[in-house]
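Asks: In my numbering, each residue's number is its place in the sequence shown (first place is 1) plus 174. Even glycine gets a Cβ: it sits at the ideal position worked out from N, Cα and C. Let me give you the structure first, and then I'll get to my questions.
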Amino acid sequence: MAQFMTPLGFGDPLRLGPYRLLGVLGEGGMGKVYVGQDSAGAVTAVKVLHPELTHDPNLAQRFLREAQTARSVESGGVARVLAAELDGGRPWIASEFLSGPTLEQAVTQRGPLEEPALRALAHSLAGTLRDIHAAGLIHRDLKPANIVLTSTGPRVIDFGIARPEHGLTLTTTGQVPATPGYGAPEQVTGQRVSPAADVFSLGAVLAYAASGRRAYDGPHVASLQYAVVHGEPDLTAVPGLLQPLIRPCLSKDPALRPSPEQIAAVFAPPRGAQRVWKHGALAEEIKEHEAQTKQYTTVVGVPAQRRPSRRRFLASLATGGAVLLAGGGATAWWLRGEDLPEAGATPPPARLLASPVEGGSSSDKAPKPLWGPLPVAAEGSPPPIVLRDVVIFAAKGGGLTARKVTDGKEKWVLPDIDATARYVAMADGRFAAADSQGNVHIHDASTSERLWSASAGATCVLAADATTVYVGTADDTIRAVATADGHKVRWTKPLAYAAPVDTTAQAVAAEGHLVVTSQDGSVTALLSATGKEAWHRTGQTSDGRALHPFVDSGVVYLGGASLCACGLSDGKEIWREIGTYGPPVLDGADLLAMTAQDWGAPHPRLMSYDTATGDYDSSWLAVPEGDAAPLAAPVFQGSSLWLAEGGDAKGVTVFDRSTGHAAWTYRPTRGGTWRMTATGNRVFLLNAGDAVAMPVF
């Protein structure tokens with residue numbers, strides 16, 4: 175394997191911000207990428223714009239936007255941006271260093287991937303695209319060179335031309351809008367693109383990984399692009415069983431391409447397939463890169479030590495003077511370092527990492543809302559959902575209403591929907607709801623167009639996946655309604671021990687299972703395809719309230735009378751923490767949940783645990799006010815973490831995720847239960863029927 179880093183040359187900087195530069199990782203038309211190391215010994219990739227390009231405002235803006243865009247994606251499948259700054263007039267971005275070959279390098283050196291590895295790759299990349307699209311973004315340049323294979327799986331890099339889904343992108347004369355052979359036909363022809371463009375790119379990537387050949391090829395760029403727009407993909411070298419899985423992704427019509435969720439489902443890898451990143455020929459290539467990284471980055475004399483947690487690491491960067499870009503591009507938020515206890519240690523008694531923020535309706539530090547408060551929703555309504563360009567609420571006068579994400583103006587109203595029966599988001603910008611007669615309706619979120627309806631006897635809408643809508647009925651059974659095949663009822667199933675199935679129940683449909691939590695403390699997992707019970711457990715609530723479960727990578731995480739991780743397929747307990755917890759949420763490798771267990775402090779706290787072991791992580795945060803753990807899960811967006819305070823709806827406090835310090839608190843004019851949701855660098859707050867859109871940093 176070639177040396178991964180070349181020495182610094184004449185004119186290369188020796189240091190950028192808190193990073194000592196060790197060598198050159200690569201160079202392109204816009205700039206160079208260096209290997210950097212901070213004072214704690216952590217290795218980073220530091221991208222710098224070429225000096226001669228810093229005076230071009232368009233390129234500089236694109237460069238800085240890359241940092242903002244990457245930071246807005248909440249996914250373990252992307253390279254995290256750690257810091258960014260204009261240093262002496264030269265913009266730089268520091269991101270997580272990924273030790274491993276690109277997919278392009280791996281295929282070039284070792285040939286096409288075997289089917290288990292290909293399935294694991296497809297499953298992971300589809301999940302990452304789902305997360306990117308959930309942030310309201312389109313990557314626009316997914317290709318083998320932008321996928322790094324690591325010992326923990328594939329990671330997507332380079333958000334240089336990523337854009338908001340509804341942002342207008344104009345390509346200047348002579349500029350190639352995406353990599354030839356991987357950009358979708360609509361990109362090549364300069365049309366407005368949707369998330370389906372990334373699905374096309376994924377199909378082209380998988381064809382290359384499976385065969386070692388491009389799906390589209392030609393002697394020059396023009397002929398290659400012509401083939402993309404007018405020709406058919408060449409999949410002859412792709413193994414026969416994989417061709418029908420890849421071909422739909424390469425459809426000329428974006429509407430005919432599958433969603434990332436559907437791709438993840440059809441490429442579900444065999445049991446143990448994720449071991450390909452740690453064992454076998456592909457893993458050997460990754461290990462060689464890891465060995466070289468260690469060889470070339472341990473010569474600077476930094477003593478070996480335990481790798482800091484992510485928040486502790488970012489706090490140490492901040493101590494060195496790093497500036498994180500504000501999500502809106504208007505403000506730079508300086509970070510302060512804070513020593514945190516080692517992982518696994520008991521938190522120090524009565525020590526708050528965040529101080530209470532005082533103020534009226536909002537603190538002096540709070541930014542102005544993007545819009546609102548607007549009295550748009552019914553009091554006590556379900557949480558709003560954000561799909562495409564609208565945020566959907568239970569309307570104050572009944573039914574559903576959609577407001578534009580950008581300005582809060584009314585987009586549409588559906589008066590015949592029973593919003594008290596709840597409504598859930600689906601793939602491709604659709605949502606499911608029910609009316610008072612028990613009919614299930616699927617609507618397009620942007621237009622409110624009714625796509626189909628089915629009689630289901632529904633009294634509540636529980637969850638939905640790519641193929642099924644799951645509803646509760648008046649006789650406490652769950653009914654699965656197919657999204658295709660005439661929208662027939664696929665199965666009907668009562669829960670064990672006659673657990674109630676109504677609007678108090680919480681559910682999630684993911685990875686071939688439907689997991690339902692009930693107010694009696696029971697948790698039931700059903701197979702999505704048949705309704706057969708996979709497992710059942712009791713005692714998960716102590717206060718008669720069901721909390722929303724969280725599913726990821728074959729594990730279901732539950733709050734309530736304890737915080738626990740169980741196998742999704744069999745319900746076997748992986749780990750369990752005693753105490754009273756709010757609904758859990760995943761943040762990378764950490765599981766976060768509010769707890770009323772105060773560890774000697776006067777307020778509830780947000781606790782962080784390692785997802786694999788349940789070990790306590792030192793990167794916990796304190797809630798500045800409130801006397802009870804809130805029922806709303808924490809919300810992440812950009813560099814900020816949003817927590818609804820417990821007790822009598824005192825407010826929502828916003829924290830800097832890297833330091834744990836409170837930035838400001840938003841306080842309502844009326845009391846009520848907080849509902850929160852976020853997307854596209856906006857957080858939507860709902861309290862006592864008033865909706866507010868807030869910016870993030």
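#1: So which of K667, P547 and A411 has the shortest CA-CA distance to P842?
#2: Spell out the partners DSSP gives D784 in its beta bridges.
#3: Excluding sequence positions up to five away, which residues of its chain have a Cβ less than 8 Å from the Cβ of P444?
#4: Quick check: the Cα distance between V330 and D590, rounded to an integer number of angstroms?
#5: Using only CA atoms, which one of T769, W816 and L561 lies nearest to H835?
#6: Helix, strand or coil for F858, going by three-state DSSP, please let me know.
#7: Tell me where the beta strand (DSSP E) around I591 begins and ends.
#8: Which runs of the beta strand (DSSP E) fall wholly inside the segment 807-847 and span at least 3 residues, in chain order?
#9: Tell me the DSSP secondary structure of H617 in three-state form.
#10: Determine which residues share a DSSP beta bridge with S736 and list them.
#11: Tell me, which residues are paired with H548 by DSSP?
#12: Are the CB atoms of G355 and D391 nearer to each other than 8 Å?
#13: State the Cα-Cα distance for the pair A442 and T180, rounded to the nearest angstrom.
#14: Given S629, which residues of its chain have a CB within under 6 Å of its CB, disregarding the five upstream and five downstream residues?
#15: Take the Cβ of S490 as the centre, count every other Cβ of all protein chains shown within 10 Å, and call the residue buried at 16 or more, exposed below.
#16: Relative to the C-alpha of S702, which candidate in S610, A656, L223 and F810 has its C-alpha closest?
#17: How many angstroms separate the CA atom of H687 from the CA atom of L742?
#18: Determine the DSSP secondary structure at I420, reduced to helix, strand or coil.
#19: In terms of residue numbering, what span does the beta strand (DSSP E) encompassing S629 cover?
#20: Provide the residue(s) that pair with H710 in DSSP beta bridges, ordered along the chain.
#21: Tell me the rounded alpha-carbon separation between A875 and P674.
#22: By how many angstroms is the C-alpha of S368 removed from the C-alpha of T883?
#23: List the endpoints of the continuous alpha helix (DSSP H) containing L380.
#24: Tell me whether A640 is buried or exposed, calling it buried when 16 or more other Cβ atoms sit within 10 Å of its Cβ.
#25: Three-state secondary structure (DSSP) at D602?
#26: Between the beta-carbon of I559 and the beta-carbon of T847, is there less than 8 Å?
#27: How long is the line joining the alpha carbons of P192 and K221, rounded to whole angstroms?
#28: Identify every residue that forms a DSSP beta bridge with K206.
#29: Just to confirm my understanding: we take E435, look at its own chain, exclude 5 residues before and 5 after, and list those with CB closer than 8 Å. What are they?
#30: Excluding five sequence neighbours on each side, which residues of the same chain lie with their C-beta closer than 6 Å to the C-beta of Y400?
#31: One question on the structure: do A608 and I616 come within less than 8 Å of each other, judged by their Cβ atoms?
#32: From R449 to T633, what distance separates their C-alpha atoms?
#33: Relative to the ligand HEM, is the shortest distance from any of its heavy atoms to the C-beta of L721 smaller than 7 Å?
#34: Residues in its own chain within less than 6 Å of A358 by CB, not counting five upstream and five downstream?
#35: Helix, strand or coil for Q693, going by three-state DSSP, please let me know.
#36: Mark R525 as exposed unless 16 or more other C-beta atoms lie within 10 angstroms of its C-beta, in which case mark it buried.
Replies: Inspection of the coordinates gives the following:
#1: Of the listed residues, the one whose Cα sits closest to P842 is P547.
#2: DSSP output for D784 lists D764 as bridge partner(s).
#3: P290 and R293.
#4: Going by C-alpha positions, V330 is about 43 Å away from D590.
#5: Ranking the options by Cα distance to H835, first place goes to W816.
#6: Collapsing the DSSP output to three states places F858 in a strand.
#7: Taken as a continuous stretch (DSSP letters only), I591 belongs to no beta strand (DSSP E), as it is neither H nor E.
#8: Here the runs fully enclosed are 809-811, 814-818, 826-830 and 836-840.
#9: Here DSSP, grouped into helix, strand and coil, assigns H617 to strand.
#10: Answer is I752, bridged to S736.
#11: Looking at the sequence itself, residue 548 is Leu, so the reference to His does not match. As computed with DSSP, L548 is found in a beta bridge with A865.
#12: Yes, Cβ-Cβ distance for G355 and D391 is below 8 Å.
#13: Taking the straight line from one Cα to the other gives about 39 Å.
#14: So the list reads N613, once near-sequence residues are dropped.
#15: Because S490 carries a pLDDT of 28, less than 50, the predicted location of this residue cannot be relied on, and the following value inherits that uncertainty. Buried, because 16 or more other Cβ atoms sit within 10 Å of the Cβ of S490.
#16: The alpha carbon of S702 has as its nearest neighbour, out of S610, A656, L223 and F810, the alpha carbon of A656.
#17: If you draw a straight line from the Cα of H687 to the Cα of L742, it comes to about 8 Å.
#18: In the displayed model, I420 falls within a helix according to three-state DSSP.
#19: Residues R624 to S629.
#20: T698.
#21: Because the chain in this structure spans residues 175 to 871, residue 875 falls outside the shown range and cannot be described.
#22: An answer regarding residue 883 cannot be provided, because it is not within the stretch 175 to 871 covered by the chain.
#23: Start and end: A370 to S385.
#24: Burial of A640 is indicated by the presence of at least 16 other C-beta atoms within 10 angstroms of its C-beta.
#25: Helix, per DSSP.
#26: For I559 and T847, no; Cβs fall outside 8 Å.
#27: Approximately 14 Å between the Cα atoms of the pair.
#28: Partner residues in the beta bridge of K206, as assigned by DSSP, are E201 and V222.
#29: Same-chain partners within the cutoff: A300, R304, A601, D639 and A640.
#30: Around Y400: no qualifying Cβ.
#31: A distance of 8 Å or more separates the beta carbons of A608 and I616.
#32: Whole-angstrom Cα-Cα distance: 43 Å.
#33: Among the components of this structure there are no ligands whatsoever, and the ligand HEM is therefore not found.
#34: Cβ neighbours of A358 beyond the five flanking positions: A371 and F374.
#35: It is coil, neither helix nor strand.
#36: Legend: pLDDT at R525 = 25, less than 50; position of this residue unreliable, no value from coordinates given.
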